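Residue numbers (this note's numbering): 2 to 301.
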């Protein structure tokens with residue numbers, strides 16, 4: 002069978018796209034579950050007659066496995082609503098394999114990217130949201146979708162479930178130090194916006210990767226990125242060769258090891274994260290997302 006292949010162009014990726022994953026699920030409340038393929042993680046919610054699901058996972062096989070787990074745990078209720086947390090294919094690329102008839106909800110900026118990209122398997126958005134806060138209800142499932150500004154990807158939506166005191170924000174704060182060097186972390190505004198979510202009443206935090214965690218580790222994640230930003234600026238003062246990974250890794254680990262060295266992945270990943278951040282200061286950012294008034298993106 003030929004798989005949907007996102008924006009891949011080589012048939013060599015077919016085995017990767019079709020590889021069957023092992024999925025694990027955890028029930029978070031009477032109506033909420035989280036599901037993981039061992040690295041990526043998302044959530045879904047039982048509604049009155051259907052299921053509301055966030056994202057699709059990043060291959061057709063993973064999307065099908067996601068659908069199968071929902072059918073096993075919530076039998077007789079189809080996935081009628083998919084919410085794209087952001088535009089990235091590794092999270093939300095394969096609705097065509099997951100629930101092709103579902104209503105697809107996303108921020109209006111995500112909707113534009115998805116439409117123009119036209120990736121094979123990533124279905125277009127059918128309901129585009131605008132603004133910083135949307136109180137939504139889908140088939141009796143009620144929660145809040147939030148876009149307070151650019152943090153990761155395009156048109157990023159986080160979700161707050163007030164009754165469960167639970168917050169979901171995909172690919173933003175992690176329960177460890179395993180951040181990468183991708184440019185889609187909008188460093189100028191990332192910590193400020195993520196820390197603003199602490200005004201919500203939540204006790205548990207579901208990230209888009211790794212394990213479910215809590216409010217304290219969410220705040221620690223904000224502290225870590227903020228401290229890494231300061232260390233990267235100190236590297237200029239210390240004339241560290243900022244383009245060399247091992248030099249940056251040694252410098253930031255020396256600066257931050259006492260406070261954050263216990264975080265999983267600190268030794269392996271802090272260097273590449275520092276390379277990403279230090280070049281933010283060298284270059285000025287990656288576009289309008291990294292300007293002092295990023296809300297211009299939310300307007301016309």
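The beta-carbon is built from N, C-alpha and C at its ideal position, and this holds for glycine as well.
The model shown is predicted, which means the values in this text are computed figures rather than measured ones.
Would DSSP call residue i helix, strand or coil?
i: residue 1; result: What is shown of the chain runs 2 to 301, which leaves residue 1 out entirely.
i: residue 149; result: coil
i: residue 177; result: coil
i: residue 33; result: strand
i: residue 273; result: helix
i: residue 85; result: coil
i: residue 248; result: helix
i: residue 215; result: strand
i: residue 266; result: coil
i: residue 97; result: helix
i: residue 6; result: coil
i: residue 58; result: strand
I'd like to confirm the pairing. Which residues does DSSP put opposite residue i in its beta bridges?
i: residue 199; result: For residue 199, which the question treats as bridged, DSSP gives no partner whatsoever.
i: residue 161; result: 145 and 168
i: residue 130; result: 108
i: residue 208; result: 170
i: residue 42; result: 37
i: residue 25; result: 37
i: residue 47; result: 52
i: residue 80; result: 52
i: residue 139; result: 142
Which word fits residue i, buried or exposed, when buried means at least 16 other C-beta atoms lie within 10 angstroms of its C-beta?
i: residue 35; result: buried
i: residue 237; result: exposed
i: residue 101; result: exposed
i: residue 139; result: buried
i: residue 44; result: buried
i: residue 255; result: exposed
i: residue 247; result: exposed
i: residue 295; result: buried
i: residue 172; result: buried
Mind reading off the beta-carbon distance from residue i to residue j? Whole number of angstroms is fine, and I expect it under 8 Å.
i: residue 99; j: residue 68; result: 5 Å
i: residue 178; j: residue 265; result: 7 Å
i: residue 137; j: residue 147; result: The Cβ separation is near 11 Å, so there is no contact.
i: residue 220; j: residue 201; result: So it is not a contact: roughly 12 Å between Cβ atoms.
i: residue 176; j: residue 211; result: 5 Å
i: residue 209; j: residue 63; result: In fact, because the Cβ distance is near 14 Å, the residues do not count as touching under 8 Å.
i: residue 95; j: residue 60; result: 7 Å
i: residue 48; j: residue 160; result: Not quite, the Cβ-Cβ distance comes to about 14 Å (not below 8 Å), so this is no contact.
For this session: Check whether the segment 190 to 206 touches the segment 141 to 151, counting contact only when three or more Cβ pairs, one atom from each stretch, lie closer than 8 Å.
Result: yes
Problem set entry | contact_flag[the segment 106 to 113, the segment 153 to 162] where n(CB pairs < 8 Å) is 3 or more | yes
For this session: Give a yes or no on contact between the segment 23 to 37 and the segment 118 to 128, applying the rule of three or more CB pairs nearer than 8 Å.
Result: no
For this session: Determine, using beta-carbon pairs with one atom in the segment 238 to 247 and one in the segment 209 to 226, whether at least three such pairs fall under 8 Å.
Result: Judged by Cβ distances under 8 Å, the segment 238 to 247 makes no contact with the segment 209 to 226, as fewer than three pairs qualify.
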